[in-house]
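K.L.:
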Amino acid sequence: MINHIEHPIIEIHDLTVSYDQSPVLWNVDLSLPSGKLIGILGPNGAGKSTLIKAIMGLVSPSGGYVKLFDKSLEEVRSRISYVPQRESVDWNFPASVLDVVLMGTYGKLGLFKRPGKKEKELAMECLEKVGMQGFAKRQISELSGGQQQRVFIGRSLAQNADLYLMDEPFAGVDMATETAIFELLKQMTAEGKTVVVVHHDIYSAVNYFDWFIMLNLHLVASGPKETVITEELLRKTYGGKLNLLTKVSDLIRQKEFNPLKN
Amino acid sequence: MMSFDQNAFLIIFTASMISISCGLLGVFMMLRKMSMTGDAISHAVLPGIVIGFFVSGSQRGLEVIIGAGILGILATLMIDWLRRKARVQLDASIGITFTLLFAIGIILINLLAYKVDLDQECVLYGEIAYLPIDLWITGGGQNMGPRIMYLALLNLILVGGFIYLFFKELTVTSFDENFSMVIGIPAGVINLGLMSMVSYTTVSSFEAVGAILVVALLVVPPATAFLWTKKLNQLIKITIGIGIGIAILGYYLAYFFDSSIAGMVVSVAGIVFLASALYKSKLFSNRFGTSTKQESFGN
Chain P
10 MINHIEHPII
20 EIHDLTVSYD
30 QSPVLWNVDL
40 SLPSGKLIGI
50 LGPNGAGKST
60 LIKAIMGLVS
70 PSGGYVKLFD
80 KSLEEVRSRI
90 SYVPQRESVD
100 WNFPASVLDV
110 VLMGTYGKLG
120 LFKRPGKKEK
130 ELAMECLEKV
140 GMQGFAKRQI
150 SELSGGQQQR
160 VFIGRSLAQN
170 ADLYLMDEPF
180 AGVDMATETA
190 IFELLKQMTA
200 EGKTVVVVHH
210 DIYSAVNYFD
220 WFIMLNLHLV
230 ASGPKETVIT
240 EELLRKTYGG
250 KLNLLTKVSD
260 LIRQKEFNPL
270 KN
Chain D
7 MMSFDQNAFL
17 IIFTASMISI
27 SCGLLGVFMM
37 LRKMSMTGDA
47 ISHAVLPGIV
57 IGFFVSGSQR
67 GLEVIIGAGI
77 LGILATLMID
87 WLRRKARVQL
97 DASIGITFTL
107 LFAIGIILIN
117 LLAYKVDLDQ
127 ECVLYGEIAY
137 LPIDLWITGG
147 GQNMGPRIMY
157 LALLNLILVG
167 GFIYLFFKEL
177 TVTSFDENFS
187 MVIGIPAGVI
197 NLGLMSMVSY
207 TTVSSFEAVG
217 AILVVALLVV
227 PPATAFLWTK
237 KLNQLIKITI
247 GIGIGIAILG
257 YYLAYFFDSS
267 IAGMVVSVAG
277 IVFLASALYK
287 SKLFSNRFGT
297 STKQESFGN
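From first to last, the protein sequence lines stand for chains P and D. Residue numbering for the first sequence follows this note's numbering, starting at 10 and increasing by one per position. Residue numbering for the second sequence follows this note's numbering, starting at 7 and increasing by one per position.
#1: Considering Cα atoms alone, identify which of His208(P), Gly232(P), Leu50(P), Thr25(P) is closest to Ser69(P).
#2: Would Lys288(D) pass as an interface residue toward chain P - the criterion being a Cβ-Cβ separation below 9 angstroms?
#3: Report yes or no: is there a C-beta of chain P within less than 9 angstroms of the C-beta of Ile189(D)?
#4: If the cut is a Cβ gap below 9 angstroms, which residues of chain P does Val195(D) touch?
#5: Quick check on the burial criterion: 16 or more other C-beta atoms within 10 angstroms. Buried or exposed for Met197(P)?
#6: With DSSP run on the structure shown, which of helix, strand or coil describes Asn239(D)?
#7: Since Phe221(P) is in the alpha helix (DSSP H), which residue starts that stretch and which ends it?
#8: Going by CA-CA distance only, name the one from Gln148(P), His209(P), Lys80(P), Phe78(P) that's closest to Asp279(P).
#9: Quick one, which of Pro227(D), Gly269(D), Ile254(D) has its alpha-carbon nearest Ile218(D)'s?
#10: From the DSSP output, read off the bridge partner residues of Met175(P).
#11: So that I know if they touch, is there some Cβ in chain P lying closer than 9 angstroms to that of Ile18(D)?
#12: Tell whether a beta-carbon distance below 9 angstroms holds between Val215(P) and Lys234(P).
#13: Where does Val220(D) land, buried or exposed, given buried means 16+ other C-beta within 10 angstroms?
#14: Under the three-state reduction of DSSP, which class applies to Pro268(P): helix, strand or coil?
#15: With 9 angstroms set as the bound, which would you pick, yes or no: does the beta-carbon of Lys270(P) sit closer than that to a beta-carbon of chain D?
#16: Assuming Phe172(D) contacts Gly199(D) (C-beta within less than 8 angstroms), just tell me the rounded distance between them.
#17: Since Glu20(P) is in the alpha helix (DSSP H), which residue starts that stretch and which ends it?
#18: Check whether the Cβ atoms of Ser97(P) and Asn184(D) lie closer than 9 angstroms to each other.
#19: With distance defined between alpha-carbon atoms, name the residue in Ala98(D), His49(D), Phe34(D) nearest to Thr208(D).
#20: Using a Cβ-Cβ cutoff of less than 8 angstroms, which residues in the same chain neighbour Met7(D) once the five nearest sequence positions on both sides are dropped?
#21: I'd like to know whether the C-beta of Arg244(P) is nearer than 9 angstroms to at least one C-beta of chain D.
#22: Answer with buried or exposed for Leu120(P), where buried requires no fewer than 16 other C-beta atoms within 10 angstroms of its C-beta.
#23: Look at the alpha carbon of Leu166(P) and the alpha carbon of Ile49(P), and state the distance between them as a whole number of angstroms.
#24: When the cut-off is 9 angstroms and only beta carbons count, does Asp86(D) lie next to chain P?
#25: Rounded to the nearest angstrom, what separates Met112(P) and Leu255(D) at their Cα positions?
#26: Can you give the beta carbon distance from Val70(D) to Gly58(D), rounded, assuming they're within the 8 angstroms contact cut?
#27: Determine the closest residue to Ala185(P) out of Arg244(P), Gln168(P), Gly155(P), Leu41(P), with distance taken between C-alpha atoms.
#28: With DSSP collapsed to three states, give me the class of Ser297(D).
#29: Can you tell which of Glu200(P), Ser27(P), Leu194(P) has its C-alpha closest to the C-alpha of Gly163(P)?
#30: Which complete beta strand (DSSP E) runs does the segment 121-155 of chain P hold, if anything under 3 residues is left out?
#31: Are there three or more Cβ pairs, one per stretch, closer than 8 angstroms when the segment 219-236 of chain D is compared with the segment 108-117 of chain D?
#32: Is there at least one Cβ from chain P nearer than 9 angstroms to Thr230(D)'s Cβ?
#33: In the structure shown, what three-state DSSP assignment does Ile14(P) receive?
#34: Nearest by alpha-carbon distance to Asp108(P): which of Pro124(P), Lys117(P), Gln94(P) is it?
#35: Am I right that Pro93(P) and Asp176(P) are in contact with their C-beta atoms under 8 angstroms? What's the rounded C-beta distance?
#36: What first and last residue would you give for the beta strand (DSSP E) that runs through Tyr136(D)?
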């Protein structure tokens with residue numbers, strides 16, 4: 010079940026990525042609409058992070074290509090923002106919350122220029138959006154996991170992009186923060202921005218996202234929520250994992266009682 | 007007993023500049039978890055020094071610095087290649103790279119021994135005490151003062167300039183390499199730039215402090231400063247302060263014990279680090295262990 014669309018914001022053509030000769034993504038072919046909140050679902054090791062990294066040019070594909078805004082990555086770098094996994098950096102680094110958010114402005118600043126008053130104001134605005142304005146001067150080594158995650162989202166907001174790619178931004182975040190951040194992401198898509206999020210929790214995912222990419226090495230599905238959240242496709246995505254299968258049936262049952270179309 | 011003459015000043019001034027240059031680079035090496043790569047570079051430049059020496063016929067030639075710079079970058083690339091492509095662990099690939107290049111350097115010294123006035127000891131240990139008699143005499147016979155002092159000054163200006171100009175890039179690539187590549191900052195180029203500066207600094211300093219002690223100056227002052235602060239600006243300032251402090255203290259202790267100046271400077275650095283670590287761990291245990299006792303004293 011793969012919906013292709015006209016004038017996609019991301020177009021992925023026959024993408025294959027392998028680490029040490031063993032493929033982690035096989036022949037992924039999809040196109041994504043703009044202005045949507047898009048979720049990438051799949052079990053561990055399904056290639057979700059790899060897909061994001063391939064889109065951002067951080068891993069080189071062994072086959073296929075990615076086009077963004079119908080252009081190559083190099084031409085549209087400044088329009089794309091990236092939130093890496095929280096564990097990918099050492100939080101003992103000597104920097105304040107504001108320093109890290111300011112890094113989001115570095116791409117547009119260019120060589121040799123230091124962030125000035127304008128950049129600092131933008132960074133403070135972004136911190137306010139993620140509810141961290143009170144922590145601007147705090148050292149990042151003194152933050153909790155959820156606060157670190159919010160700092161990373163704040164940094165990506167400071168990039169002022171049109172397309173946001175976020176790798177597990179809700180890992181280790183409490184429910185209240187998760188809801189608040191999803192509200193923020195929804196607001197951004199309402200302003201015409203596109204947000205692609207790798208997400209691990211199918212339950213909350215069905216409540217939040219408009220469009221789903223389901224991965225399990227192969228692309229299982231890509232399409233609007235109503236057409237792809239079906240028992241068959243979820244089984245195909247999470248297939249083989251017994252305890253997950255029962256969870257998936259639970260989910261389908263819930264879905265029957267509480268139709269998603271409302 | 008204590009003396010402060012012109013020679014003492016020149017030696018302390020030069021030693022301070024060398025330890026500041028090393029410390030500034032060392033801060034970023036430490037933040038990138040690459041302190042041991044600095045160690046590898048300082049040894050791997052040996053064949054470059056020998057070849058440069060052989061080509062130019064003097065140890066003052068620009069060829070020596072270029073040769074060492076090329077070897078330093080080669081060592082960095084080799085470590086990176088072994089780690090990424092051959093899937094060797096970082097510590098093992100550092101060990102393989104620098105011992106191999108260093109061994110090649112030793113063989114080259116032996117092979118070219120009759121043509122080159124250079125021995126392992128000079129490269130490994132260096133001697134800053136000879137600084138006041140190793141003068142820079144211009145073509146017209148004008149005495150400009152100690153040659154090594156000028157080398158150290160030029161080195162400090164270039165290292166300082168490099169870090170000032172690329173501060174933003176160095177910081178973001180040290181913190182989050184993937185993110186910096188995504189926003190279009192060439193992390194690989196910045197990294198090679200830093201490694202080139204480390205190679206150059208090593209060569210520029212080896213006559214004064216030698217290839218082994220240069221490693222200590224790259225690693226110890228930043229590591230000590232990191233015990234005292236969690237802010238990058240402060241980290242750099244404290245590193246500079248420690249660099250000057252250990253140069254002064256090291257010189258006078260060496261004078262007092264009639265011992266190697268560079269050896270004493272590094273020993274002092276080690277002691278300052280240990281004292282800081284002990285003090286910090288004591289504070290830590292105070293906060294959790296004996297806090298009630300202190301309160302009862304207050305009453």
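Beta carbons: idealized from backbone N, C-alpha and C, even for Gly.
P.N.:
Reading from the atomic positions:
#1: Thr25(P)
#2: no
#3: yes
#4: In chain order: nothing, as chain P lies at least about 11 angstroms away.
#5: buried
#6: Residue state, collapsed to three classes: helix.
#7: Looking at the DSSP string, Phe221(P) is not in any alpha helix (DSSP H); the run it does join, the beta strand (DSSP E), is 220-225.
#8: The structure shown does not extend to residue 279(P), since chain P is modelled only from 10 to 271, so the question has no answer here.
#9: Gly269(D)
#10: Met175(P) is bridged to Val92(P), Val206(P).
#11: no
#12: At a Cβ-Cβ threshold of 9 angstroms, Val215(P) and Lys234(P) count as neighbours.
#13: buried
#14: Summary for Pro268(P): the model assigns pLDDT 46, below 50, so the residue's position carries little reliability; its value from the coordinates is reported in the next sentence. In the structure shown, Pro268(P) sits in coil (DSSP, three-state: anything other than H, G, I, E or B).
#15: Model confidence at Lys270(P) stands at a pLDDT of 46, short of 50, so the residue's coordinates are unreliable; what they give is reported in the following sentence. No, Lys270(P) lies away from the interface with chain D (no Cβ there is under 9 angstroms from its Cβ).
#16: Right, the Cβ-Cβ distance comes to about 7 angstroms (below 8 angstroms), so this counts as a contact.
#17: Looking at the DSSP string, Glu20(P) is not in any alpha helix (DSSP H); the run it does join, the beta strand (DSSP E), is 19-28.
#18: Yes, they are a contact pair.
#19: His49(D)
#20: At Met7(D), the pLDDT of 42 sits below 50, so the modelled position is not reliable; the number obtained from the coordinates is stated separately. Excluding sequence neighbours, Met7(D) sits near Phe262.
#21: no
#22: Leu120(P) comes out exposed.
#23: 20 angstroms
#24: no
#25: 39 angstroms
#26: 4 angstroms
#27: Gly155(P)
#28: Below a pLDDT of 50, predicted positions are generally treated as unreliable, and Ser297(D), at 42, falls in that range; the measurement from the model is reported next regardless. Note: Ser297(D) maps to helix in three-state DSSP.
#29: Considering only alpha carbons, the answer is Leu194(P).
#30: Within the segment 121-155 of chain P, no complete beta strand (DSSP E) run reaches 3 residues.
#31: Contact between the segment 219-236 of chain D and the segment 108-117 of chain D is absent, because fewer than three Cβ pairs lie under 8 angstroms.
#32: no
#33: coil
#34: Pro124(P)
#35: The C-beta distance from Pro93(P) to Asp176(P) rounds to 6 angstroms, short enough to meet the 8 angstroms contact threshold.
#36: Careful: Tyr136(D) lies outside any beta strand (DSSP E) and carries neither H nor E.
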